[in-house]
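Chains as they are written, first to last, in the working numbering: chain A, 1 to 177; chain B, 1001 to 1392.
Cβ atoms here follow ideal geometry from the backbone N, Cα and C, with glycine treated the same way.
Computed from a predicted structure; not experimentally measured.
For reference, the structure is listed below as structure tokens.
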């Protein structure tokens, strides 16, 4: 009972934060709401006893990615852009369509991924404890999904190199003439 | 939380007490900082209020409480008020997950205090920390990375360019140094093969033991501390911690010659004090992590925690009292070790000048990150070679 109570509280908060992210007129608030959503998700993972995923969620999404988002948004003076970006029938329509498409995608993914996601209670009982879970995760990453894992790494490296190349051409603190 | 009223009560009291411990250490630290800086710079420092100026901080706290409530024009009220609260959260959460002393094992007992009789029929084990979360260090890294939000919120909501500059510098610096910090920890994780703080501390008991391909060499006069296995990791971690806590020589976010006071320029009174508590909380966590990873945690060198309890039993205490006394004694040991590192924080702050911004970024990305990577790879290879028994 108390377990499901925590779940409902956390999910309600997450839904509220996500909604806040969508409707906030100020992009900085949107980004902060998204960060709160990430923290809430991490809380859900903690609640599911997936401690490692929860910690990584905090470090990567809430701690690094969203901080960068917030930082960049705060650099811009977005007072003029706010109105045309977030008001108007067309923008509202596009938003609705996007939300609907995303919702459909999520439901479809959840419906078609039963064999991957579903864990029987027996399996869950045999895999208790974070150490087992992490070992299983690491083993999968470095055996079955090794290629995908490495390709993703290369992709990220490519993006980093591209960003350095693009930003370097325009100068900056490290330009040496 | 616990199974029955007794356990829940103790755990709740423990949580509050450890949070208060963190908050109450701050005035002491501020006093040490001011007197220490004065000592380093050949001045007197605050020495008028009370013996050695010790109650100066009490006077300061009262002053902070009675200061005028002030909000800059055009500031965002919600974020402006929220930022100081947010500054407290990461330090408090991270400090709560550090084991401050050995777990206390309580046998069934019955006593009466002030007319109330407490009797238990079960045996309990209380960890000497707010909450024991299995992933230990991942949790601490996760919560500490939220610290950047407090600075960003404060800087942006103040509606002031100096605040914003300070906040942007702070968050860029924290993100850059988090990489080196995280990587420098991988060596430790490989070494201890666990994420849990208490297991790491237990592994550091006894004399220094080196295991080379199955042959075990014991050096009896040195403790089995992580610093002897990971000196480079320890140095990188400690330097990155300076950047994370925004203290000199990494205090560009509040560089007073350029930015007035950085992200908390517009803050005053108790809100300002909360930023201070957040900063000192970060320092406490950093020192606690150093002690836990590299300096044996709460254990005395060469002495097992079980031996401490036995010592107290030998002095005629009951098993429960001995467990509590042993834990308290080891807590003092932990606190002493942490205070040494806090003193180093203060010492460095008043000895070194500030970096230039490009020097700061170069140090983080071009020096510490490659060294941390090298440390990780070398540790991994060495552990693979030395610990492998080469038989299947």
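Distance from the CA of residue 1318(B) to the CA of residue 1016(B), rounded to the nearest whole angstrom, comes to 27 Å.
Per DSSP, reduced to three states, the secondary structure at residue 1125(B) is strand.
Residue contact check for residue 43(A) against chain B: no CB pair falls below 7 Å. Residues of the same chain with a CB within less than 8 Å of the CB of residue 95(A), apart from the 5 flanking positions on each side, are 22 in chain order.
According to the DSSP assignment, residue 1220(B) belongs to the beta strand (DSSP E) that extends over 1215-1223.
Between residue 1163(B) and chain A, the shortest Cβ-Cβ separation is not below 7 Å. Within the region 139-158 of chain A, no residue places its CB atom closer than 9 Å to a CB of chain B.
Sixteen is the threshold: when 16 or more other Cβ atoms of the shown chains lie within 10 Å of the Cβ of residue 67(A), as they do, the residue is buried.
The continuous stretches of beta strand (DSSP E) do not include residue 1318(B), and DSSP gives it neither H nor E. Neighbours of residue 1085(B) across chain A, judged by C-beta separation under 9 Å, do not exist; the nearest C-beta is about 14 Å away. Beta bridge pairing from DSSP links residue 1137(B) with no other residue. Taking a contact as a CB-CB distance under 8 Å, the pair residue 1010(B) and residue 1099(B) does not count as one, their CB atoms being some 16 Å apart. Identification of chain A residues near residue 1168(B) by a Cβ-Cβ cut-off of 9 Å yields 71, 74, 75, ordered along the chain.
Chain order gives the chain B residues near residue 52(A) as 1135, 1138, where near means a beta carbon separation below 7 Å. Distance from residue 1266(B) to residue 1160(B) at the Cβ level is roughly 6 Å; contact confirmed, criterion being Cβ atoms closer than 8 Å. For residue 1212(B), the pairing in a beta bridge is given by DSSP as 1215(B).
Excluding five sequence positions before and after residue 1346(B), the CB atoms of its chain that fall closer than 6 Å to its own CB belong to 1033, 1036, given in chain order.
In this structure, residue 1294(B) sits away from residue 1333(B), with a CB-CB distance that is not shorter than 7 Å. Within a 10 Å sphere around the beta-carbon of residue 27(A) sit 16 or more other beta-carbons, which makes this residue buried. About 5 Å separates the Cβ atoms of residue 1372(B) and residue 1236(B), confirming a contact at the 8 Å cut-off. Minimum Cα-Cα distance from residue 1127(B) among the listed residues 1219(B), 1327(B), 1365(B) corresponds to 1327(B). One alpha carbon belongs to residue 1040(B), the other to residue 1085(B), and they sit about 33 Å apart. If one requires a minimum length of 4 residues, the alpha helix (DSSP H) runs lying completely within the region 1227-1292 of chain B are 1231-1244, 1256-1259, in chain order. Within a 10 Å sphere around the beta-carbon of residue 1315(B) sit fewer than 16 other beta-carbons, which makes this residue exposed. Residue pairing of residue 1119(B) in beta bridges, as defined by DSSP: 1110(B). Beta-bridge pairing by DSSP links residue 1207(B) to 1223(B).
Taking 7 Å as the CB threshold, residue 1176(B) stays off the interface with chain A. Taking each of 50(A), 45(A), 135(A) in turn and checking the Cα distance to residue 1193(B), the smallest one comes out for 135(A). Around residue 1156(B), the beta-carbon contacts reaching into chain A at under 7 Å are 28, 74. Contact between residue 1386(B) and residue 1212(B) is confirmed by a C-beta separation of about 6 Å, below the 8 Å threshold. With a beta-carbon spacing of about 34 Å, residue 1252(B) and residue 1228(B) fall beyond the 8 Å limit used to define contacts. The Cβ neighbour count for residue 1337(B), taken over all protein chains shown within 10 Å, is at least 16; the residue is labelled buried. Between residue 92(A) and chain B, the shortest Cβ-Cβ separation is not below 7 Å. Judged by DSSP in its simplified three-state form, residue 111(A) adopts helix.
Of the residues assessed, residue 1110(B) falls on the exposed side of the cut-off, its CB having fewer than 16 other CB atoms within 10 angstroms. The C-alpha of residue 45(A) lies about 37 Å from the C-alpha of residue 1344(B).
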